[in-house]
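The sequence shown begins at 8 in the working numbering and counts up one residue at a time.
Every residue, glycine too, gets a C-beta built ideally from N, C-alpha and C.
The structure appears right after this line, and notes come after that.
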Amino acid sequence: ADSEVEPLEDPILDEAAEGQREFRIGNSAEIDQRRNVLERLEALEREMAQLRPVAAGRGHNRPPELLPVEAEAASEEIQKVSSNLRSELEKASPDVANVARAGKFLRWIVTSVKAVTTEAGKIGQKIKEKARDRAAELVIAGIVSGGALWDKIARLVEAVVAEIVKWLHLIF
8 ADSEVEPLED PILDEAAEGQ REFRIGNSAE IDQRRNVLER LEALEREMAQ
58 LRPVAAGRGH NRPPELLPVE AEAASEEIQK VSSNLRSELE KASPDVANVA
108 RAGKFLRWIV TSVKAVTTEA GKIGQKIKEK ARDRAAELVI AGIVSGGALW
158 DKIARLVEAV VAEIVKWLHL IF
């Protein structure tokens, strides 16, 4: 693929997920790049760990708007994929198709979060323009702060995907 292609749009994830090719695994450049992916995963996992206290506080004087049920489910999926990806990349010979499939899922998450936060921002602004009471402002603040957290997570997930794409280009 062309080096000008954005990592989220790079077709190499789809090609590698099919598992129909031989890969060059084990050279120093590949191992270094694999470490880069693992470092990005660690940063993502640290941020995801911060979502757990928010979810645990639900129902204990913490408004559920800060982390909707859907966001908790997405969070759990990201953590599961991240853990599986870590396990795969720590193997001497990782299953490239499994890594690529995880990359595709993470790419889908980033695309979805970006679309949702964009729409939520538009809706939040419209509500804010019409809101007259303090309660509505507090609800909006909760949604916006949750959106900011997901925006940061989306950037971290995007960084993981970019490193996976670089790794795939190295081994293809």
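Counting the other Cβ atoms within 10 Å of the Cβ of A109 gives 16 or more, which makes it buried. Boundaries of the alpha helix (DSSP H) around D39: 35-56. Following the DSSP letters along the chain, one finds I19 inside the alpha helix (DSSP H) bounded by residues 19-24. G33 and V168 have their C-alpha atoms spaced approximately 20 Å apart.
For E170, the number of other beta carbons within 10 angstroms of its own is at least 16, and it is reported as buried. Counting only the Cα atoms, L58 lies some 14 Å from K87. The same chain holds no residue with a CB closer than 7 Å to that of S90 once the five nearest residues on each side in sequence are set aside. With contacts defined as CB atoms closer than 8 Å, A23 and V103 qualify as a contacting pair.
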